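Working notes, beginning with the structure itself.
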Amino acid sequence: MNGVDDLKAAEIAPSSARPSAYFAEEHELLRAQVRRFVETEIKPRAQTWEEQGHVPREVLRRMGSLGFFGIRYPTRYGGSEMDALATVVFAEELGRSTFGGVAITALVHTDMASIHVFRAGSETQRDKWMPGIVSGEVITAVAVTEADAGSDVKGIRTVARRSRDDYVLDGAKMFITNGVYADLYCVAAKTAPSGPPSQSISMFLVEKGTPGFTVSRALDKHGWRSSDTAELHFDNCRVPAANRLGDEGRGFYAIMKNFQNERTVIGAMAMGEAQAAIELTLDYVRTRKTFGAALMQKQAIRQRLAMLAAKVEAGRQLVYHAAWLDTQGIEATREVSMVKAYCGELVNEVVYDCLQFHGGMGFMRESTIERMARDARVQSIGGGATEVMLEEVAKRL
Ligand SMILES: Cc1cc2nc3c(=O)[nH]c(=O)nc-3n(C[C@H](O)[C@H](O)[C@H](O)COP(=O)(O)OP(=O)(O)OC[C@H]3O[C@@H](n4cnc5c(N)ncnc54)[C@H](O)[C@@H]3O)c2cc1C
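Counting from 66, one number per residue, gives the positions in the sequence shown under our numbering.
Quick look at the structure:
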């Protein structure tokens, strides 16, 4: 993909090109700002970050200084207190960068990890951490998944034993995004291992460098190569009781609540990726010739692309609708689960076909679509696998 192609794709605005009932001027201004950042500061440099395996801290600080990490947070912490639709704009535009690893690095920090501090944190905890979270000085991770418990959160085995004014954590966490380079970890552990599972989990803040807490392994991944992912280990790790987030035994509910935001955001990111994949494939098939004519002249190809574009439009509108329900304070587990299931599968369908239309070049590491195909794969697994999401939908049919 060359610079000219990048520019053409950027000019096609998926939502802002058409009036939308969902977005106000402030959303469109944010969209333009994020898109500019993506074009000028992510796309030209992110291939190096893919090779390094993480997004450099100065880039995250820059995102913080531009206000991207405080979109949902109050002005007293340096944020702009916007709504769920603004988050969706941010995620969609990062998805359009074509670098899923960069997008997820930022989105885990803003919408999956720090949200635990903001929603469940005490005044003291928020005052201490939120300004750094918003500025990008403090990067966060959320550690729920374990080697034996992913989809089934209640099955986690990390324990937090009360010991006077402290809790002592023992256990291990798996697949933790930002796990290697984060400063602050929101960790799920069982405070009542033999109690009812939904009331046995609590959340804790654990700072990097706390004795007994180690990053045991940086994980090597199929895609999202510029996102750092780790296995974590807690061995007699003592944290002050004041580091508990929210009431004891309420962690499972906090995790489930925050999943709603996380899944909407992942859906938005997926639709940004899918849109970008279609756009760069359109550029390709309009110029690539076989049998004397551009690929776009083949009805089989243009109709498949047209159907994919229709599905992506549908997926995107579903994401917007789920976010809008959030802005109205309406419970939307059904719609959010649909978003995660539909968009996670759809982005894979899109990149599969788009890679196909690139022919042999699509299989080459140097092509953008090759990276996008690897990045998309996890979208139907992480943050709620498709099958688990469909069960949530089925329960609500
Ligand atoms: C790159 C990456 C980053 C991640 N980042 C984080 C993070 O930052 N923090 C964190 O806590 N976790 C993180 N995760 C974990 C992620 O959320 C889990 O991988 C996911 O929830 C699935 O859990 P699992 O891998 O244990 O799969 P399992 O739960 O073992 O499921 C395996 C497969 O079985 C199927 N399945 C599961 N349950 C059902 C069911 N009820 N019915 C039918 N089929 C079912 C699904 O196809 C699923 O993919 C990350 C994972 C990856 C790969």
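Virtual Cβ for every residue (Gly too), placed ideally from N, Cα, C. All of these numbers come straight from a predicted model, not from anything done at the bench.
Next item on the list: Take E90 as the anchor and find which of V154, T163, V167 has the nearest alpha-carbon.
Entry: The residue from V154, T163, V167 with its alpha-carbon nearest to that of E90 is V154.
Margin query: My output table needs one value for H298: the three-state DSSP class, helix, strand or coil.
Written below: The answer is strand: DSSP assigns H298 an E or B state.
Notebook entry, point to check: If you count every other CB in all the chains shown that lies within 10 Å of the CB of L373, and 16 or more means buried, which is it?
Noted result: The residue in question, L373, is buried, as its Cβ has 16 or more Cβ neighbours within 10 Å.
Item checked: Which of helix, strand or coil DSSP assigns to F164 -> Coil.
Margin query: For M239, report the span of its beta strand (DSSP E) as first-last.
Written below: DSSP places M239 in the uninterrupted beta strand (DSSP E) bounded by 231 to 242.
Next item on the list: Find the nearest neighbour of D285 within the set D293, F133, V199, judged by alpha-carbon distance.
Entry: Per the C-alpha coordinates, the member of D293, F133, V199 positioned closest to D285 is D293.
Item checked: Collapsed DSSP secondary structure at I366 in the structure displayed -> In the structure shown, I366 adopts helical secondary structure according to DSSP, grouped into three states.
Next item on the list: Going by DSSP, name the residue or residues bridged to S267.
Entry: Per DSSP, A254.
Notebook entry, point to check: Hey, is V330 close to ligand 1, as in C-beta under 6 Å from one of its heavy atoms?
Noted result: Flag unset: Cβ of V330 not near ligand 1.
Checklist line | Cβ neighbours of N67 in the same chain (closer than 6 Å, five flanking residues each side left out) | finding: Residue placement at N67 cannot be trusted, given a pLDDT of 38 that sits under 50; what the coordinates show is reported in the next sentence. The beta carbon of N67 is closer than 6 Å to none in its chain, skipping five residues each way along the sequence.
Check: Where does R442 fall in DSSP's three states?
Finding: Of the three classes helix, strand and coil, the one that applies to R442 here is helix, per DSSP.
Next item on the list: For T205, name the three-state secondary structure that DSSP assigns.
Entry: DSSP, reduced to helix, strand and coil, places T205 within a strand of the structure shown.
Notebook entry, point to check: By Cβ distance below 6 Å, which residues in the same chain neighbour S402 in space, the five residues on each side in sequence not counted?
Noted result: Correct list, in chain order: M454, E457, V458.
Check: Under a Cβ-count criterion, where at least 16 other Cβ atoms within 10 Å of its own Cβ denotes burial, should K238 be classed as buried or exposed?
Finding: So K238 counts as buried.
Next item on the list: Identify, in the order they occur along the chain, each residue of the same chain with its Cβ nearer than 8 Å to the Cβ of E115, setting aside the five sequence neighbours on each side.
Entry: Excluding sequence neighbours, E115 sits near F164, G166, R290, S291, R436.
Checklist line | heavy atom of ligand 1 below 6 Å from E338 C-beta | finding: Relative to the non-hydrogen atoms of ligand 1, the Cβ of E338 never comes closer than 6 Å to any of them.
Next item on the list: Taking only the alpha-carbon atoms, compute the straight-line gap between S267 and V415 and give it to the nearest angstrom.
Entry: Taking the CA atoms as reference points, S267 sits about 39 Å from V415.
Checklist line | Environment of F428 [buried if 16+ CB atoms lie within 10 Å] | finding: Around the C-beta of F428, fewer than 16 other C-beta atoms lie within 10 Å, and the residue is accordingly described as exposed.
Notebook entry, point to check: Just checking my contact of A225 with K255 at CB under 8 Å: how many whole Å lie between their CB atoms?
Noted result: K255 and A225 do touch by the CB rule: their CB atoms are close to 7 Å apart, below 8 Å.
Check: Taking C-beta to C-beta, are F134 and G201 nearer than 7 Å?
Finding: Result yes, Cβ atoms of F134 and G201 sit closer than 7 Å.
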